[in-house]
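Add 36 to a position in the sequence shown, counting from 1, and you land on the number used in the working numbering. Backbone N, C-alpha and C define an ideal beta-carbon position, used for all residues, glycine too. Working notes for the structure below.
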Amino acid sequence: MTKKSEEFAKFAKCVFKITTTINERAIAFLYFRAEATDIPEVSIKEIVQDFRNAGIGVPNVTRLRGFFIKDKRVTKAGKNKWRLKADYQEEIANLFFKCLHSKSRTIPQTD
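Next comes the structure, spelled out in structure tokens:
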């Protein structure tokens, strides 16, 4: 098992504890790819593979695409590619940051 796959396995296990829906888990996997791999754009097939790698049931591709189209946090990033909108990065990070990083997140204070 590679370091990235071990990191993803830990992330997925944590995500399963705090989410119950396929849609929220898909958002979490988009977040993981943007933060841990520095590749923010991902195809539906890659997200489906993330579900397989996590050892859970595979979502319906058509429903997942429909969810991405409707969800305000996701935008199309090219042909068959999706990414999180920048406006929602902080909101999503607040949900899943602790799953990706063992250290606590500090938010700088502004005056």
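From residue i to residue j, what distance separates their C-alpha atoms?
i: L59; j: E43; result: The displayed chain sequence assigns Asn, not Leu, to residue 59. The straight-line gap from Cα to Cα measures roughly 21 angstroms.
i: T73; j: I80; result: 17 angstroms
i: I105; j: K121; result: 12 angstroms
i: R88; j: K134; result: 22 angstroms
i: A48; j: I128; result: 15 angstroms
i: V97; j: H137; result: 29 angstroms
i: Y67; j: P76; result: 8 angstroms
i: P95; j: Q125; result: 23 angstroms
May I ask which residues mark the beginning and end of the beta strand (DSSP E) holding residue i?
i: K117; result: 117-120
i: T111; result: 110-114
Out of the options, which one is the CA nearest neighbour of residue i?
i: N116; options: D123, R101, I92; result: R101
Where do the N-terminal and C-terminal ends of the alpha helix (DSSP H) with residue i fall, by residue?
i: G102; result: 97-106
i: I75; result: It is not in any alpha helix (DSSP H) - I75 carries neither H nor E in the DSSP assignment.
On the DSSP bridge list, what partners appear for residue i?
i: G91; result: Note: G91 sits in no beta bridge, so no partner.
Are residue i and residue j touching if we call contact CB-CB under 8 angstroms?
i: A64; j: V51; result: yes
i: A62; j: F103; result: yes
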